[in-house]
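Heads up, the numbering used here is the position in the sequence shown plus 120, with the first residue counted as 1.
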Amino acid sequence: MSRLVYVLNGPNLNLLGKRQPDIYGRETLADVERDCRALATELRLDIRFHQSNREYEIVDWIHEARETAGAVVINPAAFTHTSVAILDALNAFEGPVIEVHISNVHKREAFRHHSFVSLRADGVIAGFGTQGYGLALRRVARLLDDAKA
Ligand code: DQA
121 MSRLVYVLNG PNLNLLGKRQ PDIYGRETLA DVERDCRALA TELRLDIRFH QSNREYEIVD
181 WIHEARETAG AVVINPAAFT HTSVAILDAL NAFEGPVIEV HISNVHKREA FRHHSFVSLR
241 ADGVIAGFGT QGYGLALRRV ARLLDDAKA
């Protein structure tokens, strides 16, 4: 399986580090991308790292991943709780999918407790801060190694 991993980020995550730092921390999305790239090198993964506030762009990246990538790590942000389109796109993707939330969504408002994406995700990470992205990449590397063995 391809060792290319799409790391996808949904709406408002472009404001990471500035937006509600008490909930999401002070690290920016650029910091997260830098850390993901460093870890990917260590894990022998290639990554495509994207963020969008537009649902269709995330759907399109998942379609692209379908052609080229071995795994998807996705923080769908608010689309987690609303998007059948992103769920359908992920259902058309065959490799491992890991869902990441920076905050512990289960400790928050009831509307954040339901995730459409969790119906497809092979694993869910929530409440580990931005460290969750690295944990997701480590899991993906293990799954891709196991698939090869
Ligand atoms: C989030 C949690 C979502 O409920 C929220 O809409 C986000 C970020 C997280 O990373 O904790 O934008 O996905």
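Ideal Cβ placement from N, Cα and C applies to all residues, glycine included.
Run through DSSP, which three-state label would residue i get?
i	result
A189	coil
G243	strand
S238	helix
Q140	coil
H226	helix
Check whether the Cβ atoms of residue i and residue j lie closer than 8 Å to each other.
i	j	result
V217	V179	no
L149	L165	no
S223	I167	no
L133	G254	no
V237	E219	yes
F231	G130	no
H201	H226	no
R259	G243	yes
L210	I245	no
Y126	A185	yes
L257	L163	yes
G247	G145	no
So what does residue i bridge to, in DSSP terms?
i	result
Y126	R168, V192
Can you list, in chain order, the residues of its chain with a C-beta nearer than 7 Å to that of residue i? Leave out the 5 residues immediately preceding and following it.
i	result
E153	F169
L239	L207
Q171	N129, L133, N134, L149
Ignore the nearest five residues each way along the sequence and tell me which others in residue i's own chain have a CB closer than 6 Å to its CB.
i	result
L263	P216
N173	P131
G252	V220, I245
Leaving out the 5 sequence neighbours to the left and right, which residues in its chain are closer than 8 Å to residue i when beta-carbon positions are compared?
i	result
T188	S122, L124
R139	N132
task = Counting only runs of 4+ residues fully inside the region 160-222, write out the alpha helix (DSSP H) ranges in chain order.
result = Segments of the alpha helix (DSSP H) lying fully in the region 160-222: 175-188, 204-211.
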